[in-house]
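The structure appears below as C-alpha cells.
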Amino acid sequence: QKEVEQDPGPLSVPEGAIVSLNCTYSNSAFQYFMWYRQYSRKGPELLMYTYSSGNKEDGRFTAQVDKSSKYISLFIRDSQPSDSATYLCAMSGTAGNQFYFGTGTSLTVIP
Amino acid sequence: EADIYQTPRYLVIGTGKKITLECSQTMGHDKMYWYQQDPGMELHLIHYSYGVNSTEKGDLSSESTVSRIRTEHFPLTLESARPSHTSQYLCASSGYRDRGLRQYFGPGTRLTVT
C-alpha cells in the first residue's frame, strides 16, 4: 500500500471556481502536511504546511487536515488561470526529515 | 526565487556511460535531497544528506551514489547508465525556515538513456 494516495486528475475548472484537492494517507505517524505547486518544467515550490489536525488559510488557499480520517485537503477559492499547475501533497513524521509525496493532481483553470 | 541549480537540464546518453548530475545551492542549507520523478508517479527520495560528509539512501532503491564534500554541492553519479534510469531527477535543499519543511527544488534534470 502506498504511503500517500492522491487522485492524479486531470482537473479542469472555469476561472473563479472553487477547487478541492485531496490526499489520503496510511501512516498515522505523519505530523506535518504540506502542499507543493509545480509548474511545467519547474521544480515544486511549497505553498503551505500544517501541523497535526486543523485548518490553515493563506489568501485564496486553505489547507485542512483530518487526522482521524487520514485525509487532507487543499481548497483554492476564486481560481485563476495562473493556478494551472500540478499540486502535490507531502507528509512527514518529523519536521525536516524524510518526506512522502503524492503523485500530484494536474489542475487547469480555463479563462 | 530559489537559489538552487541543476546541470545539465537535459541529457541523452547511451547505455553503459558514467554520468554525474550536478546540484548546487547558495543558501547555506545543511539538508539536501535527490528525488526521482516519473510521469503520474510520486516523487521518490533516492538520497539525502544532513551535512558535509553525511549521506543516506532514501526509500527508493537506486544504483546511484552521492557525495557531500562541500555544503553547497551535492552531485549524483550513475556509474553505468541503463534505460531504466530514464527519469526526471530533482535536487532539493532545506534550512531552518518553516521548521525545515520548506524544501527548495531545482528545475530538474531530465535524463534519457538510450
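Protein sequence lines correspond, in order, to chains A and B. Here the first sequence is numbered in this note's numbering, starting from 1 and rising by one per residue. Here the second sequence is numbered in this note's numbering, starting from 112 and rising by one per residue. Ideal Cβ placement from N, Cα and C applies to all residues, glycine included.
{"Check": "Measuring straight from C-alpha to C-alpha, what distance separates residue 13 of chain A and residue 60 of chain A?", "Outcome": "16 Å"}
{"Check": "Whole angstroms is fine: what's the gap from residue 17 of chain A's alpha carbon to residue 65 of chain A's?", "Outcome": "22 Å"}
{"Check": "Quick check on residue 174 of chain B: buried or exposed, where buried means 16 or more other Cβ atoms within 10 Å of its Cβ?", "Outcome": "exposed"}
{"Check": "Would you tell me roughly how many angstroms separate the C-alpha atoms of residue 4 of chain A and residue 166 of chain B, rounded to the nearest one?", "Outcome": "25 Å"}
{"Check": "Enumerate in chain order the residues of its own chain whose CB-to-CB distance from residue 155 of chain B is below 8 Å, with the five nearest sequence positions on each side excluded.", "Outcome": "146, 147, 148, 169, 170 and 171"}
{"Check": "Does residue 58 of chain A come out as helix, strand or coil in the three-state DSSP assignment?", "Outcome": "strand"}
{"Check": "With a threshold of 8 Å between beta-carbons, can residue 119 of chain B be considered close to chain A, or not?", "Outcome": "no"}
{"Check": "So who's on the other strand from residue 181 of chain B, going by DSSP bridges?", "Outcome": "B:184"}
{"Check": "Smallest Cα separation from residue 197 of chain B: which of B:143, B:132, B:115 and B:221?", "Outcome": "B:221"}
{"Check": "Select from A:100, A:69, A:52 and A:15 the residue whose C-alpha is nearest the C-alpha of residue 84 of chain A.", "Outcome": "A:15"}
{"Check": "Counting only runs of 3+ residues fully inside the segment 133-184 of chain B, write out the beta strand (DSSP E) ranges in chain order.", "Outcome": "142-148, 155-162 and 165-168"}
{"Check": "Less than 8 Å between C-beta atoms, sequence neighbours within five positions excluded: which residues of the same chain meet that for residue 215 of chain B?", "Outcome": "113, 114, 115, 136, 138, 140, 203, 204 and 205"}
{"Check": "Identify the contact partners of residue 213 of chain B in chain A, using a Cβ-Cβ distance below 7 Å as the criterion.", "Outcome": "46"}
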